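J.:
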Amino acid sequence: MGAILTALAAALLTAANYFPKLYFLSWIGFLPFLYYIYIMRKDELNYKVIFFNGWQLGFWILAFTANFLYHSIKLYTG
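Heads up: the sequence shown runs through residues 2 to 79, numbered per our numbering.
1) Buried or exposed for proline 33, going by 16 or more other Cβ atoms inside 10 Å?
2) When you compare the stretch 71 to 79 with the stretch 20 to 39, are there three or more beta-carbon pairs, one atom per stretch, that lie closer than 8 angstroms?
3) Taking all protein chains shown into account, decide if leucine 63 is buried (16 or more other Cβ within 10 angstroms of its Cβ) or exposed.
4) With the cut-off set at 9 angstroms, would you say glycine 3 and asparagine 54 are in Cβ contact?
5) Suppose contacts are defined by Cβ-Cβ distances below 9 angstroms. Is threonine 7 in contact with tyrosine 37 by that definition?
6) Alpha carbon to alpha carbon, how far is alanine 10 from aspartate 44?
7) What first and last residue would you give for the alpha helix (DSSP H) that runs through phenylalanine 60?
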């Protein structure tokens with residue numbers, strides 16, 4: 002469930018790159034990730050797990066954004 006919520010948060014945060022009219026999703030993009038952190042059990046919640054989940058969110062944001070950046074560079078350079 003955590004991987005799904007993390008990928009959903011990254012998709013919401015990067016949706017405006019592909020569809021500019023969906024810019025408002027960036028304002029609510031962190032909510033699935035914060036909900037995932039909120040529903041974790043107390044024995045699972047430590048700094049190592051939080052760091053890994055934040056790193057995973059950053060990876061998905063980079064993965065979703067890299068395609069957009071690659072397309073822009075390929076389109077506008079000679």
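Using N, Cα and C, we set each Cβ at its ideal position, and we do this for glycine too.
Predicted model, so just to flag it, every value in this text is computed and none were measured.
T.: In short, the structure shows the following:
1) Buried, since its Cβ has 16 or more Cβ neighbours within 10 Å.
2) The stretch 71 to 79, when compared against the stretch 20 to 39, does not touch it at the 8 angstroms Cβ threshold.
3) Per the 10 Å Cβ criterion, exposed.
4) Taking 9 angstroms as the Cβ cut-off, glycine 3 and asparagine 54 qualify as a contacting pair.
5) In terms of Cβ geometry, threonine 7 and tyrosine 37 form a close pair [threshold 9 angstroms].
6) Each residue's alpha carbon lies about 24 angstroms from the other.
7) Its alpha helix (DSSP H) spans residues 48 to 77.
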